[in-house]
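Okay, structure first, notes after.
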Amino acid sequence: MKKIIIAIGLYFSLYLGAQAQTLEKFRDKANKNYFIKNLKLEEINFVTSYYQQDGNNSAVTGGIGTEALFNVGNSLDVTLSLKDKRERVHTLNGVVNIDAYTSASSDNIDPATNSGASRSDVHVYPSLTYAVQSPKTGITKSFGISGSYEYDYYSIGVNAGISKLSKDKNTEISFKAGAFFDQWKVILPYELRPPGQGDDDDNYGSAPRNSYNAGLTLSRVVNKNLQVLLMIDPSFQDGLLSTPYHRVYFTDGTHSTEKLPSQRFKLPIGMRASYFVGDNIILRGFYRYYMDNWGMTGHTASLEVPIKITPFASISPFYRFNRQTAVDHFNAFGEANASSQYHTSDYDISGFDSHYLGLGFRKSTPGGVLGIKHFNAFEFRAAYYQRSTGMQAGIASLLLKIK
Amino acid sequence: MNIKQCLAVGGLFLLATSCVSVKEYQKSKINDAEMELSSRKSEKFEQSFYLYREGPAGANGGKSGGGCGCN
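Protein chains in written order, with our numbering: chain A, 1 to 403; chain B, 1001 to 1071.
If you want it as structure tokens, here you go:
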């Protein structure tokens, strides 16, 4: 009797196992079909850009010398979405960015050989972000990873965020946090290298630079024509924050490399507002106040005015102004004190005003731009930039959107 | 900007945002692509060059770390 009971028990458990496997196979198949059926290519954005600058305050040569730089940037951005059985929307966004640039100042890291670290280089920085949005709760959670690679520098980043949309969909609050773990090749100017270093590319030392940032954003639809947004983005950096091949020339005629504190805390607070004036004009405004513990403060403001020339096309003149004070350790060429602990002649962190003026054109047609069905939008922007230090730059960007 | 100024900006923001609820069918202008509060995708490389050529960074929707931009 005992054997019969055991046999029945075995048979029954095998039967249940087989049933479970069949059910699992059915579920897998159903899920796969459901997944394929509901996966949607949300949009593809391709951006290409050309940037050119020139000036006479290169940090590589201690605050004097050419700043000529050319950069061609390309970005491919693909977004997929999937609505699950609980009506949650899953989104996967992948971006690949590639910059190719030439920098005249970098030739001067080692002018004897013209083998400067980034004389011409390719900068690749991909990212991947997954987000899930629940329409029932209005909560969106996201997680992302990113990377960045160039000859003398690489970086790995992670980030996560959460946002909550109010029931009336007029208010959204979001929080994000991220960290970047970077690694430098410590390439010194050729005349300051220890004997033997720099003869080949692999014997430079390396040093870390880590960045941690958080962000709190509150956005609100104020009325039928106006929406506003407030952002606070504190960040903290530690590690090698000076650029090892930037030279600094002292009052006594000697020179060394840039030295800056190994920690920096930044606090930017920004506001954005978009206002629809009448039927054809939009005002897009931005203001940011910035401060950090290196003694820099800054005010940045911009205004863009898209004017709709048809319901699906607009032209957008824009202007941006930035005023910043110098960091405490900045000195012009030949003015730094050799006995000071920290010193830099990098004009990017000096005190200056900058003006940025440009024009954009945007065309977006539901039926497709130029009659091409999925060619959803086309944008072109060109702008001129001038700094009170004398540096000038120009940039032109083109965006194509497939949807 | 001191704490009083920060509070003033925050207060103005709260004042501006304490308004009536706008219904979905009233959002034809709010939902216009030109009204987006985030920066445009076509501004991507402009954001990068601000980050590299200027000291202040962050609070503008662009990236605020990672990568060098030291040329």
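Glycine residues also receive a C-beta, built at the ideal position from the N, C-alpha and C atoms.
Would the beta-carbon of residue i fall within 8 Å of that of residue j?
i: A/Thr137; j: A/Pro189; result: no
i: A/Phe312; j: A/Thr243; result: no
i: A/Phe286; j: A/Gly298; result: no
i: A/Gln386; j: A/Phe352; result: no
i: A/Thr344; j: A/Val327; result: yes
i: A/Gly239; j: A/Ser274; result: no
i: B/Glu1054; j: A/Asn322; result: yes
i: A/Lys185; j: A/Ile162; result: no
i: A/Phe380; j: A/Leu398; result: yes
i: A/Ser148; j: A/Tyr125; result: yes
i: A/Ser219; j: A/Glu172; result: yes
i: A/His123; j: A/Asp99; result: yes
i: B/Glu1024; j: A/Ile395; result: no
i: A/Ala383; j: A/Leu400; result: no
i: A/Gly65; j: A/Ala332; result: no
i: A/Thr406; j: A/Asn57; result: As displayed, chain A neither begins before 1 nor continues past 403, which places residue 406 of chain A out of reach and without an answer.
i: B/Glu1034; j: A/Pro306; result: yes
Measuring alpha carbon to alpha carbon, tell me which of the options ends up nearest residue i.
i: A/Gly295; options: A/Trp184, A/Phe265, A/Leu240 and A/Val95; result: A/Phe265
i: B/Ser1021; options: A/Asn170, A/Phe321 and A/Ala396; result: A/Asn170
i: A/Gln392; options: A/Leu41, A/Leu39 and A/Gly55; result: A/Gly55
i: A/Val132; options: A/Asp84, A/Ser274, A/His90 and A/Asn74; result: A/His90
i: A/Tyr51; options: A/Asn71, A/Leu216 and A/Phe352; result: A/Asn71
i: A/Asp182; options: A/Thr251, A/Ala160 and A/Ile156; result: A/Ile156
i: A/Ala68; options: A/Leu76, A/Asp107 and A/Leu192; result: A/Asp107
i: A/Leu260; options: A/Leu241, A/Phe276, A/Thr254 and A/Val277; result: A/Leu241
i: A/Leu229; options: A/Gln237, A/Arg86, A/Ser235 and A/Leu216; result: A/Leu216
i: A/Gly253; options: A/Gly334, A/Thr129, A/Gly196 and A/Phe276; result: A/Gly334
i: B/Ile1030; options: A/Leu92, A/Gly62 and A/Asp279; result: A/Asp279
i: A/Thr129; options: A/Leu92, A/Val122 and A/Arg220; result: A/Leu92
i: A/Phe361; options: A/Ala160, A/Lys373, A/Phe318 and A/His329; result: A/Phe318
i: A/Asn38; options: A/Arg86, A/Phe330 and A/Val122; result: A/Arg86
i: A/Leu94; options: A/Ile109, A/Ser166 and A/Val78; result: First, the amino acid is wrong: residue 94 of chain A is Gly here, not Leu. Checked all of A/Ile109, A/Ser166 and A/Val78; the closest Cα to A/Gly94 is A/Val78.
Which value, in whole angstroms, describes the spacing of the CA atoms of residue i and residue j?
i: A/Gln53; j: A/Arg272; result: 28 Å
i: A/Ser81; j: A/Phe143; result: 15 Å
i: A/Leu359; j: A/Asn225; result: 23 Å
i: A/Ser302; j: B/Lys1044; result: 16 Å
i: A/Leu267; j: A/Leu370; result: 45 Å
i: A/Leu10; j: A/Leu76; result: With a pLDDT of 49 at A/Leu10, under the threshold of 50, the modelled position of this residue cannot be trusted; read the value that follows with caution. Their Cα atoms are separated by approximately 57 Å.
i: A/Asp348; j: A/Ile139; result: 39 Å
i: A/Ser127; j: A/Ile145; result: 6 Å
i: A/Ala59; j: A/Ala179; result: 27 Å
i: A/Ala177; j: B/Ser1048; result: 20 Å
i: A/Ile413; j: A/Asp346; result: Outside the modelled stretch of chain A, which goes from 1 to 403, sits residue 413 of chain A, for which no answer is possible.
i: A/Ser115; j: A/Pro208; result: For A/Ser115, the predicted model reports a pLDDT of 47, less than 50, meaning its position is unreliable; a value from the coordinates is still stated below. Rounded to the nearest angstrom, the two C-alpha atoms are 23 Å apart.
i: A/His355; j: A/Asn337; result: 32 Å
i: A/Ile44; j: A/Arg247; result: 43 Å
i: A/Gly73; j: A/Ser49; result: 5 Å
i: A/Ala377; j: A/Asn210; result: 38 Å
i: A/Tyr342; j: A/Phe250; result: 12 Å
i: B/Gly1062; j: B/Glu1036; result: Only weak support is given to the placement of B/Gly1062: the predicted model assigns it a pLDDT of 49, under 50, and the value that follows is read from those uncertain coordinates. Going by the C-alpha atoms only, they are around 14 Å apart.
i: A/Phe276; j: B/Tyr1052; result: 32 Å
i: A/Ile282; j: B/Lys1027; result: 14 Å
i: A/Arg284; j: B/Tyr1050; result: 18 Å
i: A/Tyr101; j: A/Glu150; result: 11 Å
i: A/Ser174; j: A/Asp292; result: 23 Å
i: A/Ser339; j: A/Tyr245; result: 20 Å
i: B/Pro1056; j: A/Tyr290; result: 6 Å
i: A/Ile402; j: A/Ile187; result: 42 Å
i: A/Val363; j: A/Ser166; result: A quick correction: the sequence has Lys, not Val, at residue 363 of chain A. Their backbone Cα atoms lie some 32 Å apart in a straight line.
i: B/Ser1042; j: A/Ser316; result: 13 Å
i: A/Gly196; j: A/Asp152; result: 18 Å
Any heavy atom of the ligand SAH within a distance shorter than 7 Å of the CB on residue i?
i: A/Ala336; result: Of ligands this structure carries none, so the ligand SAH is not represented either.
In the DSSP assignment, find the unbroken beta strand (DSSP E) run with residue i in it and report its ends.
i: A/Lys266; result: Gln263 to Val277
i: A/Lys363; result: Phe352 to Ser364
i: A/Lys40; result: Leu39 to Asp54
i: A/Thr300; result: Thr297 to Glu304
i: A/Asp252; result: Careful: A/Asp252 lies outside any beta strand (DSSP E) and carries neither H nor E.
i: A/Glu379; result: Phe375 to Arg387
i: A/Gly205; result: Gly205 to Asn223
i: A/Val72; result: Leu69 to Lys83
i: A/Val95; result: Val89 to Ser103
i: A/Val228; result: Leu226 to Ile232
i: A/Leu398; result: Gln392 to Ile402
i: A/Gln197; result: From DSSP, A/Gln197 is part of no beta strand (DSSP E); its letter is neither H nor E.
i: A/Phe286; result: Ile281 to Asp292
i: A/Ala313; result: Ala313 to Gln324
i: A/Asp348; result: No beta strand (DSSP E) contains A/Asp348, which DSSP labels as neither H nor E.
i: A/Gly239; result: Ser235 to Gly239
i: A/Lys308; result: Ile307 to Thr310
Start and end of the alpha helix (DSSP H) containing residue i?
i: B/Lys1044; result: Lys1044 to Arg1053
Query raised in the report: If you scan the segment 128-193 of chain A from start to end, which runs of the alpha helix (DSSP H) of 4 or more residues do you find wholly inside it?
Result: Fully enclosed alpha helix (DSSP H) runs of 4 or longer: not present.
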